[in-house]
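Some notes on the structure that comes next.
And the structure:
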């Protein structure tokens with residue numbers, strides 16, 4: 007999928023915020039490859055599958071760190087700075103997080 011500013015719609019674009027959209031169709035990839043795509047974009051590949059209601063339950067259980075979308079963090083910061091900036095935006099000190107879960 008491709009995250010990009012919501013300034014143009016492609017064959018399969020979903021508006022996320024007034025400024026941000028996600029597109030999953032091939033036309034945006036072809037446009038980016040021919041230098042005719044959005045000025046800023048973030049291409050991500052992957053797969054995640056959830057049962058009905060599973061993601062919502064995980065969010066309710068605080069298994070995810072959630073915050074508002076910030077196009078400056080997504081597109082303007084170097085990749086190495088994005089995780090820390092996103093955590094700071096929601097008031098999380100990454101130094102206080104554990105790499106293991108379920109243990110007190």
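Numbering (our numbering), first residue to last: 7 to 110. Glycine is no exception: its CB is placed at the ideal position from the N, C-alpha and C atoms. Please read all numbers here as calculations on a predicted model, not as lab measurements.
Distance, Cα to Cα, residue 58 vs residue 91?
Cα-Cα distance, rounded: 31 angstroms.
Note down the Cα distance separating residue 73 from residue 97, rounded to an integer number of angstroms.
10 angstroms
Between the alpha carbons of residue 16 and residue 48, how many angstroms are there, rounded?
For the pair residue 16 and residue 48, the Cα-to-Cα distance works out to about 15 angstroms.
Residue 53 to residue 61, Cα distance in whole Å?
14 angstroms
Does the Cβ of residue 34 have 16 or more other Cβ atoms within 10 Å, making it buried, or fewer, making it exposed?
buried
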